[in-house]
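Per our numbering, residue 300 is the first one in the first sequence, and the count goes up by one each step. Ideal Cβ positions, reconstructed from N, Cα and C, are used throughout, including at glycine. Scroll down for the structure; my scribbles are underneath it.
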Amino acid sequence: MRMSRLLVRTLREAPADAEVASHRLLVRGGFIRRLASGVYSFLPLGLRVLHNLEAIIRDELDAAGCQEVLLPALHPLELWEESGRAKLFGSDALPAMQVEARGGSFVLGPTHEEVVTVTVGAEVDSYRQLPLTVYQVQVKFRDEARPRFGLLRTRELIMADAYSFDADKDAMQASYRTVYDAYMRIFTRMGLDVSPVEAESGAIGGDVNHEFMVPSDVGEDHFVRCRACGYAANVEAATRGGFGDPDSPDPIAPAMVEHHTPDRPGIERVVAFFDDPAIGAADLLKSLAAVDDTGRPVLVLLAGDREARLPSGWRLFEDADFAAHPSLVKGYIGPMGQQAAGVTVVADVGVARPGPWITGANRADHHVSGALVGRDFTVDEWGSYAQVVTGDACLRCGEEVDLVRSVEAAHTFQLGTKYSSVMPGSSFVAEDGDEAIFLMGCYGMGVSRLLAVVAEEHHDDKGLMWPSSVAPFQVHLAALGAGRTPEVAEAADALHDRLVAAGVEVLYDDRDVSPGVKFADADLLGIPVRLVVGAKGVARGIVEWRSRVTGEERELALDGPVVALVGS
RNA sequence: CGGGCUGUGGCGCAGCUUGGUUAGCGCGCUUGACUGGGGGUCAAGAGGUCCCGGGUUCAAAUCCCGGCAGCCCGACCA
């Protein structure tokens, strides 16, 4: 490709809104352009990288026995009503992506579980057709509240998503493992260091699931990683250990004391009330009134210096709930006597010491101090209800864990029958002759996001440094002063032709611009190998070779085996 | 959805406080000359609904009101 003909304009300055390196460099290098907030066009260079990423994905998934399909981006709204997710997807996320057309209401699909379930369900009637895993590379639409970081968080995104169909749980787990392993190979080939972590399933649902995290300073997620045993989990899902049952309360400990604490809801203000250097947030019980996934009122206790992490499906009390449960006084909640009022008390493992604790008195404008677990109140269930932080004990081995900032590159789920039990046509005849329904898995990776993630992981202050597996071209050939030195033009043209004839993807900078511009653009675009043909070199019969990644330089004979040396 | 900031040629910005000639600068673009190994120099050009609508005024990029959009922080997040 001659650069004089390539649709690319490099920018010396990045748009003011480009905050992270991948966004800045992809825009400056002319790989992508913004059309609207969170909506990007891929120009030729960006599309070449995207295609290379997709090629790796196709290669590994095909090798793992998956079959490519292409499902519609436009989904009949009824499909989402059947699965029940039309509502679950938030009050306005789906309507915002709704399209009214002849033939009814459609949505721009945010994900494809419904469509794939009915599509595959219609084709598969027998266990003999299983196991089956299909995948696609397709555009998805999300009504993203806050698009940001260029391609990392967008409203329209390109995703590679796979779906497995199996006859029983063992087979589903085997299929899951197969795709999981393929995903790991894909990331390795893309030059990404990915950590699979246990995760929450969110709106997709299902039991076992993993997120594939790339540790990164620009990440919006965090995961927990044990320094010793390798346990890794998303902070949303991470639990911690290291605590046993609390000891019996001290028999001679002083009794609880009630304090008048007007206008002191919240941990901070209570600490301020006591105004004692020996008393901090960690001495207080954070008491959160919640409704669990079965609708029971639950009081969640954790140490006052901790952030709460409620199990999925739970929600905090709203005003109406407080009105219905007078034992829980908003702002002054304490655990004493709650069981008698029908409230279940659960406590974070960080509360597994007798005390003394400072907590609400269940009476407006009052707190108590000196409350002991086992004497003044009891806990029905111990669990992990606080967000894990660096230094906490690992659930598995008790060593300390770290919190790692990261970008979510992919997410895989064992769905079981979540969709096949509600979508029509999801049954097949099993080996025993009875009707059965699919056990499914789903697996998604954001290809357009991966483009940004790779850029984020492979760049320096001058520009991008693409791994050759995804680079838009393999060789960046720059001719210096070709316009005034015919020998240079001849040598560069000839070298270009030889490289192309050998199947090497070469970007040929044949523009009549100064050497500085060519070098700066070569650094910015990040093609792995740069070849420079200049007047000095041509006179000596050499071409200069330089690695974008290592900066290593060599001189190669122009009439020698240049093609073999640059690889293909 | 809450809080803050910003909308001025393709990109980055100044001008706005204190209304007043042809709305500036850098990059980029066009033409020419020079230059020629790290975004070079000079000259001449092209390119603008100053986000939109209303208002105040003799006069609005500038002041007032109302919208819209973008960005940042937070909430949310498949």
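DSSP on residue i, reduced to helix/strand/coil?
i, result
"V534", "coil"
"Q428", "helix"
"K717", "coil"
"E399", "strand"
"H350", "helix"
"R454", "coil"
"D582", "helix"
"D460", "strand"
"S768", "coil"
"A793", "helix"
"T309", "coil"
"K439", "strand"
"I355", "helix"
"T416", "helix"
"F676", "strand"
"P343", "helix"
"P375", "strand"
"F405", "strand"
"R845", "strand"
"V687", "coil"
"F572", "helix"
"L824", "helix"
"R323", "helix"
"F818", "helix"
"D316", "coil"
Tell me whether residue i is buried or exposed, calling it buried when 16 or more other Cβ atoms sit within 10 Å of its Cβ.
i, result
"H411", "buried"
"G420", "buried"
"T593", "exposed"
"G529", "exposed"
"Q428", "exposed"
"T432", "buried"
"K468", "exposed"
"S846", "exposed"
"V398", "exposed"
"Q366", "exposed"
"G825", "buried"
"I457", "buried"
"D460", "buried"
"L798", "buried"
"I551", "exposed"
"D316", "exposed"
Ignore the nearest five residues each way along the sequence and tell me which others in residue i's own chain have a CB closer than 6 Å to its CB.
i, result
"R614", "V590"
"R871", "As shown, the chain starts at 300 and ends at 867. That puts residue 871 outside it, with no answer to give."
"E539", "Note that residue 539 corresponds to Arg in the displayed sequence, not to Glu. For R539, where only same-chain residues beyond five positions count, the Cβ hits under 6 Å are S683, V687, D691, A692, L694."
"E734", "S726"
"M378", "Reading off the sequence shown, one finds Leu at residue 378, where the question assumed Met. So the list reads E413, once near-sequence residues are dropped."
"P430", "D465, A470, S474"
"V507", "Q713"
"V678", "V644, A646"
"E852", "R845"
"A532", "V496, E497, V523"
"R704", "G518, H521"
"P553", "G669"
What does a CB cutoff of less than 7 Å around residue i pick up in its chain, not counting 5 residues either side in sequence?
i, result
"I485", "I355, I356, E359"
"A663", "V628, Y631"
"D811", "G782"
Go through its chain and collect everything with a Cβ distance to residue i's Cβ below 8 Å, but skip five positions before and after it.
i, result
"L823", "T309, L324, R327, G328, K761, G762, L763"
"S547", "P653, G673"
"H509", "Y479, P495, V496, E497, A498, H710, T711"
"S565", "Here residue 565 is Gly; the residue named in the question, Ser, does not match the sequence. The residues are G630."
"P766", "M489, G490, V753, H757, P827"
"L349", "F341, I457, V746, S747, L750"
"A581", "A602, G603, D604"
Notebook entry, point to check: Does the stretch 605-615 touch the stretch 680-696, meaning 3 or more C-beta pairs lie closer than 8 Å?
Noted result: yes
Note to self: Ignoring anything shorter than 3 residues, give me the beta strand (DSSP E) runs that lie fully in the stretch 466-508, in order along the chain.
What the structure shows: 494-497
Item checked: Segment contact flag, the stretch 655-669 with the stretch 695-704, C-beta cutoff 8 Å, min 3 pairs -> no
Check: Of all the beta strand (DSSP E) runs that stay within the bounds of the stretch 589-670, which reach a length of 3 or more residues?
Finding: As far as the stretch 589-670 is concerned, its whole beta strand (DSSP E) runs of at least 3 residues are 596-602, 643-647, 656-659, 665-670.
Check: Are the stretch 362-371 and the stretch 465-484 touching by the rule of at least three beta carbon pairs closer than 8 Å?
Finding: yes
Check: For the stretch 731-748 against the stretch 560-570, are there 3 or more C-beta pairs whose distance is under 8 Å?
Finding: no
Notebook entry, point to check: Quick one: any contact between the stretch 708-722 and the stretch 462-479, if contact means 3 or more CB pairs under 8 Å?
Noted result: yes
Next item on the list: Answer yes if the stretch 815-834 comes into contact with the stretch 774-787, meaning at least three C-beta pairs across the two stretches below 8 Å, and no otherwise.
Entry: The answer is yes - the stretch 815-834 touches the stretch 774-787, with three or more Cβ pairs under 8 Å.
Next item on the list: Please confirm if the stretch 397-406 is in contact with the stretch 372-387, defined as three or more CB-CB distances below 8 Å between the two stretches.
Entry: yes
Next item on the list: Say whether the stretch 794-803 touches the stretch 813-821, bearing in mind that this needs 3 or more beta-carbon pairs closer than 8 Å, one atom from each stretch.
Entry: no
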